[in-house]
Amino acid sequence: MSAEKVSLTPSKRGNTTVLRLDRISQVDSNAVYHEGQGVNNGLIINEQRSNAAALAPPTGESEPAQLQLEFKCWLINSVTGDKVPESRQLKFWFKDEASYLNKVSLSYDFFSELVQPDKFPRDYLNFVKNCMKQLQSDRFSLLQRIDVELTPLDSTQEQIIPVSQVKESIPQEQLQTYAAAGLEEADMRSRDEQLRDQVLFLLESAYPNILEIDDLAKIMGISEAEVLSILEELANRGLVKRMEDQRGWTRRVQMDETTAEEEPTIVIEQMPTLTKKQEPSIAVITSNYYEKLAVDAMMDNKTTYVKFQAVGDAHVYTIGYIGDHRVVTTKLPQIGRTRGAQISAGNNTTRLLGTFQQIEHVFMVGGAGGVPHYTDYYKHARLGDVVMSTPNDKGHIYVFCDKLVEDRKTKEISYQLKTYVPKDPCIQDRVSEIRDYCYANPNAKPWLEFLREGQEALKGQEVSFARPPPDSDKLFMHLGEHDVIEVAHPQPPQGVHNDSEINLHFGPVGSGRSVIKGATARQEFAYKHGIQAFDKEFDQVLDSIIGNVKYSFAIIRGIIDYADGSSNSGKKWLPYSALAAAAYMKTVIRSMPNA
Numbered sequence: 001m002s003a004e005k006v007s008l009t010p011s012k013r014g015n016t017t018v019l020r021l022d023r024i025s026q027v028d029s030n031a032v033y034h035e036g037q038g039v040n041n042g043l044i045i046n047e048q049r050s051n052a053a054a055l056a057p058p059t060g061e062s063e064p065a066q067l068q069l070e071f072k073c074w075l076i077n078s079v080t081g082d083k084v085p086e087s088r089q090l091k092f093w094f095k096d097e098a099s100y101l102n103k104v105s106l107s108y109d110f111f112s113e114l115v116q117p118d119k120f121p122r123d124y125l126n127f128v129k130n131c132m133k134q135l136q137s138d139r140f141s142l143l144q145r146i147d148v149e150l151t152p153l154d155s156t157q158e159q160i161i162p163v164s165q166v167k168e169s170i171p172q173e174q175l176q177t178y179a180a181a182g183l184e185e186a187d188m189r190s191r192d193e194q195l196r197d198q199v200l201f202l203l204e205s206a207y208p209n210i211l212e213i214d215d216l217a218k219i220m221g222i223s224e225a226e227v228l229s230i231l232e233e234l235a236n237r238g239l240v241k242r243m244e245d246q247r248g249w250t251r252r253v254q255m256d257e258t259t260a261e262e263e264p265t266i267v268i269e270q271m272p273t274l275t276k277k278q279e280p281s282i283a284v285i286t287s288n289y290y291e292k293l294a295v296d297a298m299m300d301n302k303t304t305y306v307k308f309q310a311v312g313d314a315h316v317y318t319i320g321y322i323g324d325h326r327v328v329t330t331k332l333p334q335i336g337r338t339r340g341a342q343i344s345a346g347n348n349t350t351r352l353l354g355t356f357q358q359i360e361h362v363f364m365v366g367g368a369g370g371v372p373h374y375t376d377y378y379k380h381a382r383l384g385d386v387v388m389s390t391p392n393d394k395g396h397i398y399v400f401c402d403k404l405v406e407d408r409k410t411k412e413i414s415y416q417l418k419t420y421v422p423k424d425p426c427i428q429d430r431v432s433e434i435r436d437y438c439y440a441n442p443n444a445k446p447w448l449e450f451l452r453e454g455q456e457a458l459k460g461q462e463v464s465f466a467r468p469p470p471d472s473d474k475l476f477m478h479l480g481e482h483d484v485i486e487v488a489h490p491q492p493p494q495g496v497h498n499d500s501e502i503n504l505h506f507g508p509v510g511s512g513r514s515v516i517k518g519a520t521a522r523q524e525f526a527y528k529h530g531i532q533a534f535d536k537e538f539d540q541v542l543d544s545i546i547g548n549v550k551y552s553f554a555i556i557r558g559i560i561d562y563a564d565g566s567s568n569s570g571k572k573w574l575p576y577s578a579l580a581a582a583a584y585m586k587t588v589i590r591s592m593p594n595a
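Under UniProt numbering, read the sequence shown as residues 1 to 595, first letter to last.
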């Protein structure tokens with residue numbers, strides 16, 4: 001145990017109680033209210049002092065706090081049973097010899113130990129005592145000061161619900177997604193609104209495949225008559241259309257008359273032959289309807305060719321220009337680990353690369369789940385940020401975990417991996433050049449202008465591509481297998497301006513249902529392989545790209561949740577984040593040399 005003592009000095013700031021904890025070598029006997037004995041030896045309680053005196057930093061320390069964490073909890077009156085929500089914020093100051101890595105790891109460890117589910121104190125006294133005893137231990141000797149701020153909240157404010165308390169209302173097949181994402185918002189809309197959105201979502205997922213009414217009815221568990229009524233309503237709003245020569249329905253891309261003339265969509269049976277000059281040299285693969293809209297908004301002089309079909313050979317290609325480069329974009333009808341989805345993803349990628357044989361570079365662009373870091377601002381991928389796939393220390397830009405393998409003797413868990421490395425580093429080299437240039441010129445962020453141009457081009461769409469409000473970006477920390485708490489996002493270091501614009505992160509993208517289904521497994525896998533984001537399983541797509549001898553490829557992902565980009569809550573951020581990823585893609589493509 002450290003020879004240093006820990007003092008607690010209480011004060012009030014409005015309705016917030018501030019408990020300042022300091023490591024001290026000398027005790028001010030005039031300020032002491034109580035000094036602990038026995039197991040609490042070295043813990044000092046000071047008299048309450050004025051705000052200014054209590055909160056002034058000791059000589060040599062800097063304001064504001066160097067790191068801070070926040071969580072919320074319920075206080076339950078043991079007599080009446082009334083519940084009052086409270087915010088608890090921990091602010092950390094460190095000794096001069098502490099490195100930034102020390103600060104990050106120590107604050108995270110302090111917080112994690114404090115909120116362990118089996119040890120978390122249920123009353124104020126033990127909560128404060130645990131804080132003091134942890135600060136006193138040798139393990140946290142580089143910590144100089146901690147402020148604990150306790151603020152009661154209005155009971156009408158939105159609160160945290162542990163996942164364990166909402167399980168009964170969630171279908172079993174959806175439970176894994178809830179646990180992976182941390183917490184989902186309750187859908188308070190009417191049944192009719194939810195059904196309309198579900199039909200639209202299914203058509204968007206299938207696009208350019210068409211879906212028949214009986215298929216929609218089976219998937220949704222409602223009558224064919226109700227499905228038809230919903231489809232007709234959506235058709236009146238210009239969102240879907242019925243294929244005249246088939247029984248199916250499809251999503252209708254919204255555009256005004258001028259745009260329709262300038263950017264024609266041609267329904268085909270077979271892709272027309274292109275001259276060598278018309279052939280694209282860059283392909284962009286998306287798997288979501290709004291991802292493709294976002295990517296297409298980055299192109300000029302574009303034409304879309306689409307073949308609608310119920311199953312099999314449906315495809316959509318949009319060909320246009322980004323800078324001087326001829327580019328083709330496509331949308332995969334579906335993605336995932338079912339046999340049908342794997343075959344479909346691989347076949348559609350092979351068809352794309354077989355149809356356009358002059359392609360040299362392939363981008364995969366869209367949404368994904370960010371890897372949160374609870375204390376390091378620079379490592380924390382927030383919603384709306386962009387992750388650009390760059391090599392880890394082993395050269396991998398994409399790491400897919402096929403399954404976990406347990407050693408029978410040691411019981412240790414290892415990963416059975418498929419890793420992907422572009423043999424041609426052309427794209428990654430351009431990214432490095434852009435990073436170096438922007439580091440030397442902090443105001444040079446061309447992707448922000450491309451983002452604004454894309455938002456203007458897409459303002460007539462059914463959904464908004466504007467950035468969602470900041471309060472919709474909620475961060476949760478998992479405690480054990482079932483409970484979560486909401487925590488504050490890490491704050492930018494002193495002197496760093498946080499303008500809520502796109503932050504860029506560089507490193508590998510990961511996937512694999514065996515590692516994304518739980519927060520702990522995700523964090524461990526991300527730490528071991530340097531993963532910056534998790535997406536749906538695109539290993540079949542990458543296998544097809546490499547199998548077609550395309551050795552220059554990259555993945556660019558906009559962050560839409562903190563799982564793998566498939567949660568319901570991620571839908572709110574998908575349009576904006578996909579557009580942000582597309583804007584950075586345009587920055588990279590425009591920097592690439594012509595063939």
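A virtual CB, placed ideally from N, CA and C, is assigned to each residue, including glycine.
- Of the residues assessed, Glu456 falls on the exposed side of the cut-off, its CB having fewer than 16 other CB atoms within 10 angstroms.
- DSSP places Val387 inside the beta strand (DSSP E), whose first and last residues are Val386 to Ser389.
- Setting aside the 5 residues that flank it on each side, Leu451 is surrounded in the same chain by Ile502, Leu579, Ala580 and Ala583, each with a C-beta closer than 8 Å to its C-beta; the list follows chain order.
- When Ser205, Glu47 and Tyr439 are compared, the shortest CA-CA separation from Lys12 is found for Glu47.
- Using a C-beta cut-off of 8 Å, the stretch 526–542 makes contact with the stretch 394–409, since at least three inter-stretch Cβ pairs fall below that distance.
- The continuous alpha helix (DSSP H) containing Gln523 extends over residues Ala519 to His529.
- In the displayed model, Phe127 falls within a helix according to three-state DSSP.
- Residue pairing of Ile146 in beta bridges, as defined by DSSP: Leu21 and Phe92.
- The beta carbon of Glu433 sits closer than 8 Å to those of Ser591, all from its chain and outside the five residues before and after it, given in chain order.
- Annotated as distal: Leu153 and Pro64, with beta-carbon spacing of 8 Å or more.
- One Cα belongs to Lys292, the other to Phe476, and the distance between them is close to 30 Å.
- For Thr355, the closest alpha carbon among the candidates Thr275, Leu404, Arg408 and Val509 is that of Thr275.
- Here the stretch 376–385 makes contact with the stretch 554–569; the two share three or more CB pairs at distances below 8 Å.
- Secondary-structure assignment with DSSP links Ile319 through a beta bridge to Thr303 and Val328.
- Taking the C-beta atoms as reference points, Phe553 is found no nearer than 8 Å to Val327.
- About 5 Å separates the beta carbon of Ser107 from that of Leu67, a gap short enough to meet the 8 Å contact definition.
- In the DSSP annotation of this structure, the continuous segment of the alpha helix (DSSP H) that includes Tyr584 starts and ends at Leu574 to Ser591.
- DSSP, reduced to helix, strand and coil, places Met477 within a strand of the structure shown.
- Excluding its 5 nearest sequence neighbours in each direction, Thr16 has C-beta neighbours in its own chain below 6 Å: Glu149 and Thr151, listed in chain order.
- Around the CB of Ser389, 16 or more other CB atoms lie within 10 Å, so the residue is classed as buried.
- If the five residues before and after Asp28 are omitted, its C-beta is found closer than 6 Å to no C-beta atom of its own chain.
- In the DSSP assignment, no residue is bridged to Tyr289.
- Going by C-alpha positions, Lys379 is about 13 Å away from Gln523.
- For secondary structure counted as the beta strand (DSSP E) over 3 or more consecutive residues, the stretch 222–267 holds these complete runs in sequence order: 240–242, 249–251 and 265–267.
- At the C-beta level, Pro425 and Val316 stay beyond 8 Å of one another.
- The Cβ-Cβ distance between Arg196 and Ile146 does not fall below 8 Å.
- Here Met298 is buried: its Cβ has 16 or more other Cβ atoms, across all protein chains shown, within 10 Å.
- For Asp561, the secondary structure class from DSSP, reduced to helix, strand or coil, is strand.
- In terms of Cβ geometry, Leu69 and Phe127 do not form a close pair [threshold 8 Å].
- Residue burial is scored here from C-beta neighbours: Ala283 has at least 16 other C-beta atoms within 10 angstroms and is therefore classed as buried.
- Taking a C-beta distance under 8 Å as the contact criterion, Tyr377 and Pro492 qualify as a contact pair.
- In this structure, the straight-line span from the alpha carbon of Glu193 to that of Leu142 is close to 55 Å.
- Per DSSP, reduced to three states, the secondary structure at Ile210 is coil, with no helix or strand assignment.
- Residue environment analysis places His34 among the exposed positions, since fewer than 16 neighbouring C-beta atoms fall within 10 angstroms of its C-beta.
- Measuring C-alpha to C-alpha distances from Ala314 to each of Ile268, Glu537 and Phe538 identifies Ile268 as the nearest.
- In the DSSP assignment, Leu153 is bridged to no other residue.
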